[in-house]
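Participant: If you want this note's numbering, it's the 1-based position in the sequence shown plus 96. My structure is below; once you've seen it, I'll send some questions.
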Amino acid sequence: MNAEMSVVLAASGGYPTVRRTVRRLNNQSAAGRMELIVIGFGGPMEIPSEDVAAFASVQGKLLDEVVGVGTANAEGVRMARTAIVAFGEDHCFPEPGWGQALLDAHRSTHAVVAPVFRNANPATIVSWCDFLIGYGPWMEPAEGGLRPYLPGHNSSYKRDELLAYGDRLEEMLGAETVLHYDLVRRGRTLHLEPKAQVSHLNFSRFRHWLQVSFHSGRVFAGSRGADWTLPKRLFYAAASPLIPLVRLVRVIRELRAPGRPTGLLARCMPLLAMGLFADGVGQFAGYFAGAGMSNSALTKYEYNRDRFITETDRRELEAAHG
């Protein structure tokens with residue numbers, strides 16, 4: 097097998113739900129050096145040969161039940177037969193050159209390499225708010241280099257670094273920012289690679305976006321504080337009202353960087369504040385009482401993103417990616 101990097105995709109509803117992403121991967125110049133691993137559940141897993149003709153190798157596994165992205169990705173890591181593992185999503189589409197750029201960057205000792213992000217559905221303010229909160233630090237244009245953390249579910253890793261977490265791998269991949277903090281604490285480096293680019297489809301329905309903001313904040317805080325003492329968790333819970341303000345300042349700073357969309361901040365500010373507030377409330381709950389049921393609540397939103405976008409966004413998605 098000539099593969100140097102395994103790409104793991106979780107498919108809720110079976111292979112058809114990730115077909116758009118697979119076709120973009122199959123068209124990569126480096127596809128012949130990539131192994132595709134599809135972890136599916138809840139639908140058929142027959143993969144048409146024409147969709148994967150360029151890959152060095154293809155593996156698929158059908159699970160008996162729906163699982164979170166962290167669990168599915170951990171399964172893929174253990175199945176991988178290469179030294180590098182990249183994660184993808186059914187709603188994130190690699191641009192040409194993505195695979196080659198990740199492989200080149202991994203020639204260094206970096207434990208994690210991530211791409212730069214574009215907004216795949218920029219027509220609505222909700223989509224922009226979701227994008228800015230979730231991917232603002234890595235939006236195009238961006239300078240490459242070392243970062244304290246990188247985007248979850250779309251980064252690439254040295255496989256040995258992940259396997260070192262053993263039975264904790266599912267938990268760590270469920271909240272990758274916490275994983276990145278731990279890698280940096282242990283002296284590993286995380287690199288943002290501008291030559292690798294992806295287009296990310298964001299929530300554009302207001303109600304769903306607010307719910308996801310709350311649950312994401314709670315899962316992050318619950319995972320981050322899982323091993324903390326009670327006084328430390330209570331301290332962070334008490335400080336959580338400051339989180340929306342701190343994050344808003346960061347978003348403003350990102351939007352003021354050269355080349356970023358002008359005038360976007362004024363249009364987004366009211367909804368942006370609401371989303372950040374929902375995230376802050378979620379973090380308060382997570383530090384105070386743990387993740388609770390938020391992991392389960394997030395699972396339905398992690399897959400099949402086209403269920404949670406506007407009809408206009410859906411039509412444009414189908415026109416652009418089939």
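We put the beta carbon where it would ideally sit given N, CA and C, even for glycine.
1) Quick one: what's got a C-beta closer than 6 Å to Lys254's C-beta in the same chain, skipping five residues either side?
2) Evaluate Leu199 with the Cβ neighbour count: other Cβ atoms within 10 Å of its Cβ, from every protein chain shown; 16 or more gives buried, anything less gives exposed.
3) Between which two residues does the beta strand (DSSP E) holding Leu427 run?
4) Quick one: any contact between the segment 143–150 and the segment 244–261, if contact means 3 or more CB pairs under 8 Å?
5) Could you name the residues of the same chain whose beta carbon sits closer than 6 Å to that of Leu269, not counting the 5 residues immediately before and after it, in chain order?
6) When we look at the beta-carbon of Gly355 and count the other beta-carbons within 10 Å, is it buried (16 or more) or exposed?
7) Assess contact between the segment 375–393 and the segment 324–332, defined as three or more Cβ pairs (one per stretch) separated by less than 8 Å. Is contact present?
8) Starting from Ser390, trace the beta strand (DSSP E) both ways and give me its first and last residue.
9) State the DSSP-derived secondary structure class of Arg116, mapped to helix, strand or coil.
10) Which word fits Thr117, buried or exposed, when buried means at least 16 other C-beta atoms lie within 10 angstroms of its C-beta?
11) Should Tyr399 and Ser108 be called a contact, given that it needs their Cβ atoms to be closer than 8 Å?
12) Going by the beta-carbon positions, is the gap between Val209 and Glu272 smaller than 8 Å?
13) Identify, in the order they occur along the chain, each residue of the same chain with its Cβ nearer than 6 Å to the Cβ of Ala179, setting aside the five sequence neighbours on each side.
14) In whole angstroms, give me the CA-to-CA distance for Val134 and Trp194.
Facilitator: According to the structure shown:
1) By 1-based counting over the sequence shown, the position of residue 254 is 158. Only Ala207 meet the Cβ criterion.
2) Here residue 199 corresponds to residue number 103 of the sequence shown, with the count starting at 1. Flag for Leu199 reads buried.
3) The shown model of the chain, from 97 to 418, leaves out residue 427, and the question about it has no answer.
4) Touching, no, given that fewer than three Cβ pairs across the two stretches are closer than 8 Å.
5) Numbered from its first residue, the sequence shown carries residue 269 at position 173. Closer than 6 Å at Cβ, skipping near neighbours: Gly166, Asn169 and Ala170.
6) What you label residue 355 is simply residue 259 of the sequence shown in a count that begins at 1. Exposed, by the Cβ-count rule.
7) By the Cβ rule, the segment 375–393 counts as touching the segment 324–332, because three or more pairs are nearer than 8 Å.
8) Numbered from its first residue, the sequence shown carries residue 390 at position 294. Counted as a single uninterrupted DSSP element, the stretch harbouring Ser390 is not any beta strand (DSSP E) but the alpha helix (DSSP H) occupying residues Ser390 to Glu398.
9) Residue numbering aside, residue 116 sits at position 20 when the sequence shown is read from its first letter. If DSSP states are grouped into helix, strand and coil, Arg116 belongs with the helices.
10) Position 21 of the sequence shown holds residue 117. By the 10 Å Cβ count, Thr117 comes out buried.
11) What you label residue 399 is simply residue 303 of the sequence shown in a count that begins at 1. What you label residue 108 is simply residue 12 of the sequence shown in a count that begins at 1. Judged by their CB atoms, Tyr399 and Ser108 are nearer to each other than the 8 Å cut-off.
12) As a first step, residue 209 must be located in the sequence shown, where it is residue number 113. As a first step, residue 272 must be located in the sequence shown, where it is residue number 176. Taking 8 Å as the Cβ cut-off, Val209 and Glu272 do not qualify as a contacting pair.
13) Position 83 of the sequence shown, counted from the start, is the residue given in the question as residue 179. Arg255.
14) Counting from one through the sequence shown, the residue named residue 134 turns up at place 38. Counting from one through the sequence shown, the residue named residue 194 turns up at place 98. Cα-Cα distance, rounded: 19 Å.
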